[in-house]
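Take a look at the structure below.
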DNA sequence: AATGAATGAGCCTTCATTCAT
DNA sequence: AATGAATGAAGGCTCATTCAT
């Protein structure tokens, strides 16, 4: 029962199915046929809309990255804090967003891991991940500077790497490190960095 | 000209070729033929020695893990430090080993990343990575306890995740973060954790 | 904005686009979608009008054959010549028509070649080409007989094959053999045949 | 029952099967699977030995061209003729070789036609056909010059095109023009060209 | 000990064709 | 009149794996 205006619906379904399937099998060795079936359509249609397997993967990456970006923007805007605590509140909000229920899903985590692998091969995937990293660092730096001054850069890099490290660890799926604990872990590192800066000023 | 006693030599060549090839293409999509050719033998022989592709991968993982383990042991034993600084010296040695010239190679980094992917599928790979994590945490914990007491566990987890995060970041290959900077980054986090513990005791 | 009476226009556009596309890619491996797009409509509409891909090809063949046929008729009627030279003039006109600017185009030449291929598969295409051959031979024979008598048949076959051979050679696209040279080549063969007949009568 | 030294045997079988299959279906739309099956092996093996479909086609072309080339060489060397008739005898031998039982087969004729189509797409196929044409013209020219002098070039081109034209005509498969008649047709054109040269010297 | 030979299985991709609107 | 939507079928190609030698 073909209808008009299906394209955005189909594309969206495919993107979501892609993330789900990558999460399910844990690697990029997902067939287009599986993705398409999971999205309720034929493989041919998937190709028709995206042009190829890598395009589908890239669209899935963009979806995840865009979603995270949007949520971060919303949360940052909503972050409140008395006096000088506002920057700290924004940092906490930023960290928590990375580990909230929407982004810190098994499927999304597995997808992340595989996007890193894809970035070894695909220049576009590489570019996308770098954009993500750039944004993350920029956000961290922006709110760290008023708090720790010249140590902002180093601390931003440390926290950025830590976030990814926690994701990576979660990809192993062993220990139960839920979103709350994960963000607590990173926030603790944030506070340690701030505390140290106060103790030993530059 | 087939010779006797070639097995260990062949196996070793295959393992090294596997790491090199995974590093070269940046994914597990390496053909057995490529690995075998790179190791100077026929695909059939590679099969004969390892029994299958996954076995080859697992052998490569074990090789990387074992090498790291050995070096850590050596370095820890060699670590010296006056008085209470001995534990700190051991921690620094542990961290530096993870980022020395032998382990922090592009090929090895790429292999690591892909071992995480493999661990999503292969139970044995998963087990191996957990063993690695366990050892790392255990090592960290052991030398952190005398320094930060009850905060050892949390700090160990934090540093462990940070190490992986730095590796992951390096897999993107963008910014020049050499081994020295990488270990400095993690050591800074270590010191921040210690400093915080001293400022705000439990 | 669908209009009435579009059918003949659409069909014509498709036929011309077919010839152009076959010429462009040099084979029958042209997709219906390409032809339709080149003709400014959807593949579905192309199908609607012709019923299938082979029908489109056949229509293109008929178009080329009919065009050639018409032009030959016109030129033959226009051919003048004093006394016994009239038949010779008609033969020359016939040959020249095959190599004039309208028929001796890269696209048409490539199409011709591929029509021969199509004729290996499609009975209708085969029939069409035979009709063309029949007409060509008949035309040649008709004006050769008054000149070379009993040798007309053999000479007609020879000239007919030669014309096709020149087309085939041109399909390779290498040497610059323009229409003028091509017809000169065939006319020279015609004159040679006539000269021989005069020298050694049957 | 795998054996050693199969490669040349397999390659040869594939080449022959390719020609046969192209002849059978009358176009290049032959699947590698069909060719392989017809040659008694799996499609994978065909790919293994040739690397791809086009390579298989090109190998088939080379085979046909090489075979023709060899036979021509042999026949030319064997051609005898009293006095000035030797060149004529060589020309006749050359023409006859093109239409003997080995080269003027339905399958080979169909293959020829399709090689022309392939030459529209594949540079290598194009090159091969040009080499063939170059040799044919060169051979014709060489033995025509002593007979018709300055008219050798034009006559060579004419005869070359005529040979191809006869092949093309035969590809239609209609009229029964056996090898003997075909070569007689071309030889008649040769003689006509010679006769004309004698009647009207340059 | 070592390998050339061989294949089954599977995947990405293309495309003619159909259909509801 | 016209098209976007959709797919079944098929083809080229790859590759891990097996086997006889």
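Chains as they are written, first to last, in the working numbering: chain A, 33 to 234; chain B, 33 to 234; chain C, 33 to 234; chain D, 33 to 234.
By construction, the Cβ of each residue, glycine as well, lies at the ideal position given by its N, Cα and C atoms.
Computed from a predicted structure; not experimentally measured.
DSSP three-state assignment for residue i, whether helix, strand or coil
i, result
"residue 132 of chain A", "coil"
"residue 111 of chain B", "coil"
"residue 58 of chain D", "coil"
"residue 72 of chain D", "coil"
"residue 124 of chain D", "helix"
"residue 209 of chain D", "coil"
"residue 232 of chain A", "coil"
"residue 155 of chain C", "helix"
"residue 204 of chain C", "coil"
"residue 137 of chain B", "coil"
"residue 38 of chain A", "coil"
"residue 33 of chain A", "Any reading at residue 33 of chain A needs caution, since the residue's pLDDT is 43, under 50, leaving its predicted position unreliable; the model's value is listed next. It is coil, neither helix nor strand."
"residue 50 of chain A", "helix"
"residue 197 of chain B", "helix"
"residue 182 of chain A", "helix"
"residue 116 of chain A", "coil"
"residue 84 of chain D", "coil"
Proximity test, residue i beta-carbon vs the ligand ATP heavy atom, cut-off 6 Å
i, result
"residue 184 of chain A", "Within the structure as shown, the ligand ATP is missing, as the structure has no ligands at all."
Beta-carbon proximity check, residue i vs residue j, cutoff 7 Å
i, j, result
"residue 67 of chain A", "residue 86 of chain A", "no"
"residue 131 of chain C", "residue 214 of chain C", "yes"
"residue 129 of chain B", "residue 107 of chain B", "yes"
"residue 51 of chain A", "residue 92 of chain A", "yes"
"residue 150 of chain A", "residue 89 of chain A", "yes"
"residue 179 of chain A", "residue 226 of chain A", "yes"
"residue 49 of chain B", "residue 70 of chain B", "yes"
"residue 78 of chain B", "residue 64 of chain B", "yes"
"residue 221 of chain C", "residue 194 of chain C", "yes"
"residue 143 of chain A", "residue 55 of chain A", "yes"
"residue 139 of chain C", "residue 169 of chain C", "no"
"residue 101 of chain A", "residue 175 of chain A", "no"
"residue 224 of chain D", "residue 224 of chain C", "yes"
"residue 152 of chain B", "residue 211 of chain A", "no"
"residue 191 of chain B", "residue 172 of chain B", "yes"
"residue 231 of chain B", "residue 231 of chain A", "yes"
Same chain, Cβ closer than 6 Å to residue i, neighbours up to 5 away in sequence not counted
i, result
"residue 111 of chain C", "121, 122, 125"
"residue 134 of chain D", "none"
"residue 217 of chain A", "none"
"residue 33 of chain C", "Bear in mind that a pLDDT of 46 at residue 33 of chain C, under 50, signals an unreliable position, so the number given afterwards is only what the model happens to contain. Result list for residue 33 of chain C: empty, nothing under 6 Å."
"residue 103 of chain B", "129"
"residue 167 of chain C", "none"
"residue 136 of chain C", "211"
Residues near residue i in its chain [Cβ-Cβ closer than 7 Å; skip 5 each side]
i, result
"residue 164 of chain D", "97"
"residue 94 of chain B", "160"
"residue 44 of chain B", "none"
"residue 184 of chain A", "173, 176, 177"
Same chain, Cβ closer than 8 Å to residue i, neighbours up to 5 away in sequence not counted
i, result
"residue 209 of chain D", "198, 201, 202, 217"
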